[in-house]
Amino acid sequence: MTSAPAVEVSALRKAYGEKRAVDGLDLVVDQGEILAVLGPNGAGKTTTVEILEGFRQRDSGEVRVLGQDPATAGRAWRSRLGVVLQTTNDLAEATVGEVVHHFAQYYPGARDADEVIDAVGLREKVGTRTRQLSGGQRRRLDVALGIVGRPELVFLDEPTTGFDPEARRSFWDLITGLREDGATILLTTHYLEEAEHLADRVVVVNAGKVVAQGAPADLGGRTARQALVRWTAADGPREVRTDAPTAVVRELADTYGEVPGLQVLRPTLEDVYLSLIEGSSTDPADRDLPTTEDVR
Amino acid sequence: MSATTQARPQARANPPLPGTLRLGLARTRYEVRGFFRERDAVIFIFAYPVIMLAIFATVFGQDGTTIDFGTDSVPFAQYFLPGMVATGVMLSSFQNLALAIAVERDEGGLKRLRATPLPAASYFLGKVGQVLVSCVLQVAILLVVASSLFDVPMPDDAATWGTFAWIFLLGTATGAVCGVGFSSIPRSGRSASAVVTPIVLVLQFISGVFFQFDQLPTWMQQVASVFPLKWMAQGMRSVFLPDEAAALEPSGSWQHGAIALVLLVWLVAGLVVGVRWFRWRRRDDG
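Each protein sequence line maps, in turn, to chains A and B.
Sequence positions in the first sequence follow full-length UniProt numbering and run 1 to 296.
Sequence positions in the second sequence follow full-length UniProt numbering and run 1 to 286.
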């Protein structure tokens with residue numbers, strides 16, 4: 001083995017009064033991977049991430065981030081992390097260039113501030129006060145401040161909330177570029193397509209536990225990924241759930257010639273995700289599938 | 001054990017972390033620049049004592065009215081200048097930090113800093129540096145206006161300026177530390193000025209900033225004696241008024257020992273509270 005995981009969490013627990021926000025959570029993030037943590041609001045995502053960042057104390061469980069316990073780790077450890085929190089509106093009066101150059105001073109072996117500004121695409125805004133930035137530009141600045149210290153591990157908390165689709169695309173390119181530089185990235189998001197596009201692995205958290213994990217394409221297991229074939233028979237609509245939709249369609253074609261009302265549907269990551277967090281069932285067949293995509 | 005190039009942590013040499021003092025200086029520069037860009041706050045903090053001095057000196061000092069103390073007397077402007085200096089220091093230190101830190105916490109700026117390797121001490125050094133710069137400027141403006149527009153005589157011996165220096169520095173430090181401690185009290189950045197401003201105003205009224213201290217009711221003088229502003233103002237009176245004016249003080253003397261003691265007690269209390277209860281995150285953020 002080349003190196004220890006960037007993050008190792010086992011049996012993590014954290015309660016606020018009666019509410020068990022994190023309830024026996026296990027998680028491993030390997031070095032150099034992009035891991036997306038998905039889950040509904042209140043699932044314990046932010047609490048977990050903030051324990052990993054050293055902002056909160058855990059009640060129990062083992063946590064190792066870059067080989068150290070965040071609850072006791074010091075400045076040297078922080079200098080190896082990049083943290084991009086949820087939206088803030090601080091730093092209003094400083095310009096983009098000033099802020100990035102200033103934060104670079106905090107770190108030993110920081111990246112060149114101007115290169116970072118170029119990398120996040122804020123070159124034209126370098127002299128602009130941060131209060132005048134748009135939401136997307138502001139988020140790019142947050143990322144610039146998160147990566148200027150050349151972190152080995154980057155936490156991104158809902159990085160693209162409120163972005164337009166184009167801004168989101170270019171943001172994704174930025175994150176992919178970070179990984180190519182060798183950084184490990186742990187990101188929380190509400191956007192399934194973001195997880196699908198960026199992440200090597202997805203972890204779904206619900207009620208303080210990990211309820212599923214895997215590559216975006218494998219999440220939920222094989223049954224959750226079965227295709228649904230629908231058509232209209234003489235006595236009304238029919239549907240069949242199958243691993244071999246082509247065979248089913250061929251059979252139907254033999255019967256009908258042109259099959260009336262033919263649809264082949266496959267659950268999206270969103271369908272699988274929704275079924276995962278809606279409790280016991282991991283089978284999307286128990287739910288309506290109004291948002292599935294057609295497979296030609 | 002294949003050593004791939006992916007093993008960044010090992011591949012990277014470990015340069016030393018930047019020093020606390022150096023970062024404190026960097027923070028000071030950053031804070032001072034930010035402070036002077038908040039133009040509305042700067043104008044308020046700098047102009048307020050000057051305007052107040054002008055109003056009081058003009059309204060009460062018209063027809064050449066003076067404040068008498070036995071053998072001698074001073075014009076109104078000269079009597080009020082020490083109180084305005086004390087008030088200026090309180091605005092630039094206590095009020096400024098109590099508001100600024102509460103807002104910074106509310107906006108998430110403190111949390112962002114907490115996630116970096118910036119030492120807490122450097123953050124506070126930056127605040128102290130910024131307060132010192134603005135207090136020096138503030139008092140300089142006030143003294144220039146007082147001596148040039150209102151003909152208030154300035155002390156002409158080194159010993160009196162020495163007294164001025166230690167009272168100014170101790171008062172600034174106490175105000176700054178108390179501001180840091182107090183910043184944790186408001187629930188949000190928005191409510192901060194509603195919480196801080198009345199306290200500042202009331203202290204000004206009972207501490208002899210707007211009125212002649214010896215003419216306030218005794219109980220009010222006693223209440224004011226608990227807080228640092230009264231002692232700051234008294235100390236500044238000892239600098240800018242003739243020695244005979246000490247006769248106007250309730251105790252009949254300038255009480256330099258008591259001034260130092262009260263300011264030091266508040267300084268230590270503020271430090272303890274500030275360190276013990278300082279919050280990097282909003283209250284509703286767990």
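The beta-carbon is built from N, C-alpha and C at its ideal position, and this holds for glycine as well.
Could you spell out where the beta strand (DSSP E) holding V202 (chain A) opens and where it closes?
201-206
Would you verify that the beta carbon of D90 (chain A) is, or is not, closer than 8 Å to some beta carbon of chain B?
yes
Strictly below 8 Å CB to CB, what residues from chain B border F103 (chain A)?
T116
Ends of the alpha helix (DSSP H) at K111 (chain B)?
109-114
How far does the alpha helix (DSSP H) with G24 (chain B) in it extend, from its first residue to its last?
20-37
Please state the DSSP three-state secondary structure of A100 (chain B).
helix
Should F205 (chain B) go down as buried or exposed, given a rule of 16 or more other Cβ atoms within 10 Å for buried?
exposed
Secondary structure at L122 (chain A), three-state DSSP: helix, strand or coil?
coil
Could you pull out every residue in the same chain whose Cβ sits closer than 8 Å to the Cβ of residue 315 (chain A), ignoring the five residues on either side in sequence?
This structure cannot speak to residue 315 (chain A), because chain A is shown only from 1 to 296.
Return helix, strand or coil for I185 (chain A), following the three-state DSSP convention.
Reduced to three states, the DSSP call for I185 (chain A) is strand.
Taking the straight line between their C-alpha atoms, what separation do you get for Q57 (chain A) and V9 (chain A)?
14 Å
Tell me, to the nearest whole angstrom, how far the beta carbon of L153 (chain A) is from that of V211 (chain A); I am working on the premise that it is less than 8 Å.
L153 (chain A) to V211 (chain A), Cβ: 24 Å. No contact.
So what's F155 (chain A) in DSSP terms, helix, strand or just coil?
strand
According to DSSP, is Y16 (chain A) part of a helix, a strand, or is it coil?
strand
Please report the distance separating the alpha-carbon of I185 (chain A) from that of R283 (chain B).
28 Å
Output the residue ranges of the alpha helix (DSSP H) runs that lie fully inside the region 149-232 of chain B and measure 4 residues or longer, sorted by chain position.
158-182, 189-206, 218-224
Quick one: Cα of E158 (chain A) to Cα of L85 (chain A), how far?
Between E158 (chain A) and L85 (chain A), the C-alpha separation is close to 8 Å.
My understanding is that R114 (chain B) touches W280 (chain B), with C-beta atoms under 8 Å, so please give their C-beta distance in whole angstroms.
Confirmed, Cβ separation roughly 4 Å.
Comparing alpha-carbon positions, which option in A:R129, A:L141, A:I175, A:T160 lies nearest E93 (chain A)?
A:R129
Is the region 80-100 of chain B touching the region 169-177 of chain B in the sense that three or more CB pairs, one from each, lie closer than 8 Å?
Between the region 169-177 of chain B and the region 80-100 of chain B, the count of Cβ pairs shorter than 8 Å is three or higher; the stretches touch.
Under the DSSP definition of a beta bridge, which residues are partnered with Q213 (chain A)?
A:V203
Taking the straight line between their C-alpha atoms, what separation do you get for residue 287 (chain B) and W161 (chain B)?
Outside the displayed span of chain B (1 to 286) sits residue 287 (chain B), for which this structure offers no information.
Distance check for I167 (chain B) and A260 (chain B), CA to CA, integer angstroms please.
8 Å
K111 (chain B) versus chain A: which residues are under 8 Å apart at the beta carbon?
F55, L85, T88
Using beta-carbon positions only, say whether V7 (chain A) and L81 (chain A) come within less than 8 Å of one another.
no
Could one say the Cβ of A100 (chain B) lies closer than 8 Å to chain A's Cβ atoms, at least one of them?
no
How about G24 (chain B): is its C-beta nearer than 8 Å to some C-beta of chain A?
no
Can you list, in chain order, the residues of its chain whose CB lies under 6 Å from that of W77 (chain A), leaving out five sequence neighbours each side?
Q68
Does F80 (chain B) come out as helix, strand or coil in the three-state DSSP assignment?
Looking at F80 (chain B) - three-state DSSP - the assignment turns out to be helix.
Run through the DSSP bridge pairs and tell me what S73 (chain B) is partnered with.
B:D68
Check whether the region 101-111 of chain A touches the region 37-49 of chain A, taking contact to mean three or more Cβ pairs, one atom from each stretch, closer than 8 Å.
Output reads no: the region 37-49 of chain A does not touch the region 101-111 of chain A.
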